[in-house]
Amino acid sequence: MKPARHPTALRTAQRLRDAGIDAAVVEFEQPTRTSAEAAAAIGCTVAEIAKSVVFRGRDSALAIIVVASGANRIDESRVAASVGEPLTRADAEFVRAATGYAIGGVAPIGHSGPVRLVLDEDLRRFATVWVAAGTPFSVFPLTPAQLRALTGAEWSAVRKDPSTHAPHTRS
Numbered sequence: 002m003k004p005a006r007h008p009t010a011l012r013t014a015q016r017l018r019d020a021g022i023d024a025a026v027v028e029f030e031q032p033t034r035t036s037a038e039a040a041a042a043i044g045c046t047v048a049e050i051a052k053s054v055v056f057r058g059r060d061s062a063l064a065i066i067v068v069a070s071g072a073n074r075i076d077e078s079r080v081a082a083s084v085g086e087p088l089t090r091a092d093a094e095f096v097r098a099a100t101g102y103a104i105g106g107v108a109p110i111g112h113s114g115p116v117r118l119v120l121d122e123d124l125r126r127f128a129t130v131w132v133a134a135g136t137p138f139s140v141f142p143l144t145p146a147q148l149r150a151l152t153g154a155e156w157s158a159v160r161k162d163p164s165t166h167a168p169h170t171r172s
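Just so you know, we're using the working numbering here: the sequence shown kicks off at 2 and counts up by one.
Next up, the structure:
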């Protein structure tokens, strides 16, 4: 772990300072694209990683960014109900165009266009969560309260109920 040097991560650090948040943006030699990679690099649990999952609003065509606990699978129907429109998948090209970031590094701030953010209520149980800082190699720590204040987004139940994707057994 070292201080951020990538221009995108440095812009994220400046946005945090502009918002009055004193959080160190750090970079790793190895990618932190997935929650497991990030947790291993940081030395925290996968659940403490605040991963960004991007969908596309079917009606609005806006990027819908769910900032969720890295341990959670996202229930698309819950997110759709939260934002008031059906969702479609977002490919890498859409993610970069709509957010200004590559998949694996989508920060919760500094997007290139208008987006809608939804925060996973499960993140509130941690003292600190680790958030992507604009590249697949950079992250920064925040308290859940800072994440909420920084984004202005609402907390929502987005976790997929484990019973809805349990494997079927033959009888």
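Ideal placement from N, C-alpha and C gives every residue a C-beta, glycine not left out. Because the structure is a prediction, the values reported are computed rather than measured.
For Ser139, the secondary structure class from DSSP, reduced to helix, strand or coil, is strand. Under the DSSP assignment, Asp123 falls outside any beta strand (DSSP E); it carries neither an H nor an E label.
When DSSP reads this structure, Phe56 sits in a beta bridge with Ile65, Arg90. The beta-carbon distance between Ala39 and Val140, rounded to whole angstroms, is 6 Å. This is short enough to meet the 8 Å contact definition.
Cβ atoms of Glu30 and Arg6 stay farther apart than 8 Å, at about 12 Å. By DSSP's assignment, Pro4 forms a beta bridge with Val27. Ser36 and Ala150 have their C-alpha atoms spaced approximately 23 Å apart. Residue range 77–84 is occupied by the alpha helix (DSSP H) that includes Ala82, with no beta strand (DSSP E) assigned at that position.
For Lys3, the number of other beta carbons within 10 angstroms of its own is below 16, and it is reported as exposed. DSSP, read as helix, strand or coil, puts Ile43 in helix. The residues Ala24, in chain order, have a CB closer than 6 Å to that of Leu17 in the same chain once the five nearest residues on each side in sequence are set aside.
Counting C-beta pairs closer than 8 Å gives fewer than three between the region 82–92 and the region 120–136, which falls short of the contact rule.
About 6 Å separates the Cβ atoms of Ser53 and Ala133, confirming a contact at the 8 Å cut-off.
As computed with DSSP, Arg160 is found in a beta bridge with Ile75. An exposed status is given to Ser78, since fewer than 16 other beta-carbon atoms sit within 10 Å of its beta-carbon. With 16 or more neighbouring CB atoms inside 10 Å of its own CB, Ser70 falls in the buried class. The secondary-structure analysis by DSSP pairs Ser113 with nothing; it has no beta-bridge partner. Setting aside the 5 residues that flank it on each side, Val26 is surrounded in the same chain by Pro4, Ala5, Ala10, Leu11, Thr13, Ala14, Leu17, Ala134, Ser139, Val140, Phe141, each with a C-beta closer than 8 Å to its C-beta; the list follows chain order.
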